[in-house]
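These notes are about the structure you will find just below.
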Amino acid sequence: MKITAQEEYGLRILLHIARHGEKEGASIPMISDAEGLSAAYVAKLTRTLRLAGYINSTPGNKGGYILAKPAEDININQVMKVLGGSLYSNKFCEDYSGALKLCTNSVDCSVRSLWQMIQMSVDQLLNNISLKELISTEQESNLQIINKINALKMAKL
């Protein structure tokens, strides 16, 4: 499994905006310099995030981007799907059929079961993580995520 550059950088941009605060927006040049990305790529990703309703923009010299809603209301699973989509979808068999119109294993596919279970596990974890949990330091974020995982395990018992 691989997280795409768009997912990684889009999430980093969203975190940068969240850490920057509400008083003064984070501009494209500011984000570009801080994250080591081209201004054009930052503009592309901020457009995607803005159209999805995660950030708002203020035009002008003192303008920039701010979160459109509180960090605790921004679900990481939804953000990742906006930026790159799901690992597995119902169109999976159509998309990976090779040269054929329909995958030769479309009727009985044990691999499909694996992808579905992985997607379910990823969804279950990421649905329980908000942007707020990622704003802190790596050590604090790790602790919060581990606590979420443990809570999910306990809920299954």
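Residues in the sequence shown are numbered from 9 upward in steps of one, following the working numbering.
C-beta atoms are modelled at their ideal positions from N, C-alpha and C, and glycine is treated no differently.
Residue nearest to residue i in terms of C-alpha spacing, selected from the options
i	options	result
R58	I36, Q132, L45 and R120	I36
E30	K164, K140, A163 and L75	L75
V127	S94, E43 and L45	The sequence shown places Gln at residue 127, not Val. Nearest of S94, E43 and L45 to Q127, Cα basis: S94.
L139	D81, V50, G71 and M125	D81
K10	N69, G68, T66 and G92	G92
S46	T66, G71 and Y17	Y17
L7	E148, Q124 and D131	The question about residue 7 has no answer here: the residues shown for the chain are numbered 9 through 165.
Y96	S65, A34, Q124 and K109	Q124
Q14	E146, I39, P67 and M88	M88
N69	L133, L19, M38 and N158	M38
Residues that residue i bridges to, as DSSP identifies them
i	result
G92	DSSP output for G92 lists no bridge partner at all.
S138	N83
A34	Y73
Where residue i sits in the DSSP three-state scheme
i	result
G18	helix
S118	helix
S129	helix
8 Å CB neighbourhood of residue i in its chain, flanking five on each side removed
i	result
I63	L22, I25, T54, L57, Y73, I74, L75 and A76
Contact set for residue i: own chain, Cβ-Cβ below 7 Å, skip 5 residues either direction
i	result
I143	L23, A26, R27 and A79
A42	H24
Q152	E141
N83	N135 and S138
Contact set for residue i: own chain, Cβ-Cβ below 6 Å, skip 5 residues either direction
i	result
C119	As written in the sequence, residue 119 is Val, which differs from the Cys given in the question. Closer than 6 Å at Cβ, skipping near neighbours: no residue.
Only counting runs of 3 or more residues, tell me where the beta strand (DSSP E) segments fall wholly within the stretch 36-91, in order along the chain. 63-66 and 72-75
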